[in-house]
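These protein sequence lines map, in sequence, to chains Z and Y. To convert a position in the first sequence, counted from 1, into the numbering used here, add 44. To convert a position in the second sequence, counted from 1, into the numbering used here, add 44. Think of the CB as a built atom: it goes at the ideal place given N, C-alpha and C, for glycine as much as any other residue.
2 protein chains.
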Amino acid sequence: MGRTSDAKEKLLEVAFHLIWDSSYGGVSVDQICERAGVNKGSFYYYFGSKADLAVAAYDEHWKQRQPELDRLFSAQIPPLERLTRWCESAYERQKEKANKFGHVCGCPYASIGVEVATQDDKIRAKAEELIARGTKYVETAIAEAQREGSLPAGDAKQMAQQAYSFVLGALLRAKIQNDVEVLRDLAPTVMAIIGAKSETRVAA
Amino acid sequence: MGRTSDAKEKLLEVAFHLIWDSSYGGVSVDQICERAGVNKGSFYYYFGSKADLAVAAYDEHWKQRQPELDRLFSAQIPPLERLTRWCESAYERQKEKANKFGHVCGCPYASIGVEVATQDDKIRAKAEELIARGTKYVETAIAEAQREGSLPAGDAKQMAQQAYSFVLGALLRAKIQNDVEVLRDLAPTVMAIIGAKSETRVAA
DNA sequence: AAAATAGTTGACTGAACGGTTAACTTGAGG
DNA sequence: CCTCAAGTTAACCGTTCAGTCAACTATTTT
């Protein structure tokens with residue numbers, strides 16, 4: 045019935061990348077519409093507000109990202125190696141984005157979350173949710189490593205939170221210093237946090 | 045000559061707290077002026093732009109904060125204990141602010157830095173500078189601990205950066221989750237990062 | 001082909017934005 | 001006590017902001 049359209053998907057994608065590249069407050073609805081090739085009226089036909097779009101855009105992005113994380117944290121890979129690869133992929137991903145956008149963009153969820161945390165609770169809650177989901181992958185890997193004996197026993201959930209906090213902090217630092225090299229060799233520190241015996245702990 | 049005024053100082057203080065409580069983009073020059081009891085004309089008599097004020101306000105805040113950090117990282121205190129106290133003070137400070145403002149505010153430098161990093165280079169650079177200065181305290185403590193043998197040798201600077209990144213990440217998480225309890229027991233993880241032998245490593 | 005549905009258009013609103021200006025007031029130094 | 005620099009005032013500027021709306025078009029169902 046009626047006609048069809050890809051305007052909604054366009055808006056979601058454009059909004060996510062524009063906000064990631066600058067910030068929530070730094071991007072206007074007009075800009076998003078222009079880049080998406082959609083009129084403002086259509087924007088408000090699909091979304092009730094700018095904040096609603098942001099929440100939907102981050103949800104959509106997670107959906108598209110999930111397969112990649114599933115692959116990265118595949119049961120085929122030894123649990124500790126999953127974590128090492130995850131650290132390396134964070135570095136690679138930021139390097140790519142930095143080349144494309146001209147500056148280090150950091151973690152999109154954390155960036156928008158910390159920006160609007162005290163102002164918009166829906167966006168804050170969405171950022172919290174997505175960070176929690178990311179942490180879950182880490183937690184599962186840690187728990188499995190403990191079970192198979194490659195890691196001493198401990199509270200996997202809390203360890204995952206600490207390790208994830210460290211990586212978020214490093215991403216934050218990389219963005220503020222606009223230097224992707226901050227993200228080299230995250231893995232040894234993550235290993236230290238989760239209590240793995242240091243094999244090749246270079247400097248930290 | 046001419047009359048004197050405390051308008052400038054008022055603006056600096058009000059701006060810092062307003063931005064910390066919400067965000068750079070979420071606070072308007074009008075709001076700052078109103079809360080400071082200063083007219084807009086006076087604002088632009090003292091500061092060339094909103095961004096200039098922000099830079100000045102964060103600089104001023106550092107000046108006021110420095111004595112506290114000097115005390116916290118006093119040479120009188122054993123170096124590793126300095127770090128423990130620093131972690132505890134971060135928790136206490138956020139708890140106080142959360143009670144006062146009604147929500148967890150996180151690290152002011154990191155919050156504004158990550159918000160405007162890709163948009164305003166002067167503010168970005170100031171945030172970078174202040175974070176680097178904070179890291180220096182940690183680095184000195186680590187280096188001293190290594191010298192006195194309470195910590196194995198290693199690259200103190202890099203260790204400090206990793207430890208500081210972790211704390212920044214935890215502050216970020218606390219803000220997004222709006223839960224100050226995220227910041228309890230940072231010290232054990234910091235100790236793990238810098239390679240201290242775990243005495244009372246509870247869970248992480 | 002009529003009717004119902006789905007989506008589009010772009011001009012419009014009023015408030016808020018950062019920033020400017022010229023006239024004015026104040027107070028310390030000579 | 002006068003001068004003049006330092007600081008204040010409030011109206012004002014053009015722009016941009018998020019959000020609205022009534023008219024319009026394209027597609028599918030009947």
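For residue i, the three-state DSSP class (helix, strand or coil)
i        : result
Z/Gly193 : coil
Z/Tyr68  : coil
Z/Leu56  : helix
Y/Asp50  : coil
Z/Phe87  : helix
Y/Gln163 : coil
Z/Gln120 : coil
Y/Gly178 : helix
Y/Val82  : coil
Z/Gly150 : coil
Y/Arg228 : coil
Y/Lys249 : There is no way to answer for residue 249 of chain Y, as the model of chain Y reaches only from 45 to 248.
Z/Met45  : coil
Straight-line gap, residue i to residue j (C-alpha atoms, nearest Å)
i        : j        : result
Y/Leu216 : Z/Asp223 : 19 Å
Y/Asn83  : Y/Cys77  : 6 Å
Y/Leu116 : Y/Pro122 : 11 Å
Y/His147 : Y/Lys241 : 35 Å
Z/Lys219 : Y/Val158 : 7 Å
Z/Val71  : Y/Phe145 : 27 Å
Z/Gly193 : Z/Tyr208 : 22 Å
Z/Ile186 : Z/Tyr135 : 21 Å
Y/Val160 : Z/Arg191 : 43 Å
Y/Ile175 : Z/Gly85  : 43 Å
Y/Lys52  : Y/Tyr90  : 7 Å
Y/Val73  : Z/Cys131 : 41 Å
Y/Thr244 : Y/Pro232 : Bear in mind that a pLDDT of 45 at Y/Thr244, under 50, signals an unreliable position, so the model cannot answer this.
Z/Ile237 : Z/Gln206 : 7 Å
Z/Val99  : Y/Leu230 : 31 Å
Y/Lys180 : Y/Phe60  : 23 Å
Z/Arg129 : Z/Ala80  : 34 Å
Y/Leu212 : Y/Ala204 : 12 Å
Z/Val246 : Y/Lys201 : Confidence at Z/Val246 is low in this model, with a pLDDT of 46, below 50, so the placement of that residue should be treated as unreliable; the coordinate-derived value is given next. Distance between the alpha carbons of Z/Val246 and Y/Lys201: 13 Å.
Z/Ala169 : Y/Ala214 : 17 Å
Z/Ala197 : Y/Leu124 : 26 Å
Z/Leu62  : Y/Leu195 : 45 Å
Z/Asp199 : Z/Gly69  : 38 Å
Z/Arg228 : Y/Asp114 : 31 Å
Z/Cys151 : Y/Ser49  : 43 Å
Y/Glu112 : Z/Ser133 : 39 Å
Y/Ser93  : Z/Thr184 : 49 Å
Z/Val58  : Y/Lys54  : 40 Å
Z/Gln138 : Z/Met45  : 43 Å
Y/Cys149 : Z/Gln110 : 30 Å
Y/Leu97  : Z/Ala189 : 50 Å
Z/Asp103 : Z/Val182 : 20 Å
Y/Tyr153 : Z/Gly239 : 30 Å
Z/Glu173 : Z/Asn143 : 29 Å
8 Å contact criterion, which residue i and residue j should meet: CB distance rounded
i        : j        : result
Z/Leu127 : Z/Val226 : About 18 Å; that fails the 8 Å criterion.
Z/Ser66  : Y/Gln163 : 5 Å
Z/Arg177 : Z/Trp64  : About 18 Å separates the two Cβ atoms, so there is no contact after all.
Z/Ala95  : Z/Lys166 : 6 Å
Y/Leu56  : Y/Ala119 : Actually they do not touch by this definition, with Cβ atoms about 31 Å apart.
Y/Phe210 : Z/Phe210 : 4 Å
Terminal residues of the alpha helix (DSSP H) in which residue i lies
i        : result
Y/Gln205 : 200-221
Y/Arg137 : 123-145
Z/Val234 : 231-238
Y/Arg109 : 94-116
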